[in-house]
Amino acid sequence: MGLRVEITYPPKYYKEQIAKAKKAGDMKKVKELEKDLKQREAEINKQEAMDRNARANAADLKAGSAMGGAKPPKPMKKPKKPEMMYGGMANNKKHMYSAGGSVKDNPGLKALAKQRPDVVAKMMKG
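Here the sequence shown is numbered in the working numbering, starting from 4 and rising by one per residue.
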């Protein structure tokens, strides 16, 4: 598990090596070097584009501050929570549900309330 070191060469190096390999007749080496050259040029182009964007952003910020300051970005809005929907009345209470639905009175609980109101009162408290 050693440290991996990657050496990158300028495109000029690859072009010189391709010319040498062509002169020697080693087409396998030529294809490999051309592939490496394309990859290296793509990396250089990507880095140059990133540098241009960074310079443009810095210039925009500087110009904005010279004109009294650029407007700060707007904060992102939090997503809205679903509204609670009316679900009906049960046990003399309104019931609200986020996904709708309905609630019904428990007839067994009403019957128990007639016989043992103290038990139902304890149930409703806790």
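Quick reminder that beta carbons are idealized off the backbone N, C-alpha and C, glycines included. A quick note: this is a predicted structure, and the numbers were derived from the prediction, not measured.
What distance in whole Å lies between the Cβ atoms of residue 36 and residue 12, which are believed to be in contact at a cut-off of 8 Å? That pair is no contact at about 10 Å.
Which of the three DSSP states is assigned to residue 111 in this structure? helix
Do you know whose CA, among 125, 46, 78 and 30, lies nearest residue 14's CA? 46
Start and end of the alpha helix (DSSP H) containing residue 122? 120 to 128
Cutoff 8 Å; reference residue 122; Cβ partners in own chain excluding five residues on either side: 115
If I follow the unbroken alpha helix (DSSP H) through residue 17, where does it start and stop? 14 to 27
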